[in-house]
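Worksheet: one structure, shown below.
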Amino acid sequence: PRVLILDDATSSVDPTKEHEIRDAMREVMSGRTTLVIAHRPATIALADRVVVLDGGRVVAEGT
């Protein structure tokens, strides 16, 4: 797909599995628009642009 949505793909996994998932995400995200919903900083670090929401409102954004 040209657009991919990943909703907390690394939640509830141990650190080893999280690393494996992040590696796979790097490959899958390449060349497409991807919306990643995440709480873990290591997962968020994969993004080119980050938007932080609080109560449904944008409270910060950047690269």
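Numbering of the sequence shown is given in my numbering, commencing with residue 1069 and proceeding in unit increments. Beta carbons: idealized from backbone N, C-alpha and C, even for Gly.
Quiz prompt | Beta-carbon spacing of residue 1090, residue 1111 below 8 Å | solution = yes
Self-check item: Proximal residues to residue 1127 (C-beta, below 8 Å), its chain only, five neighbours per side dropped
Solution: 1120 and 1121
Self-check item: Beta-carbon spacing of residue 1084, residue 1106 below 8 Å
Solution: no
Quiz item: Roughly how far, in whole angstroms, is the beta-carbon of residue 1101 from the beta-carbon of residue 1070, given that I think they are within contact range, below 8 Å?
Solution: 7 Å
Practice problem: Inspect the beta-carbon positions of residue 1118 and residue 1099 and report whether they are closer than 8 Å. | Solution: no
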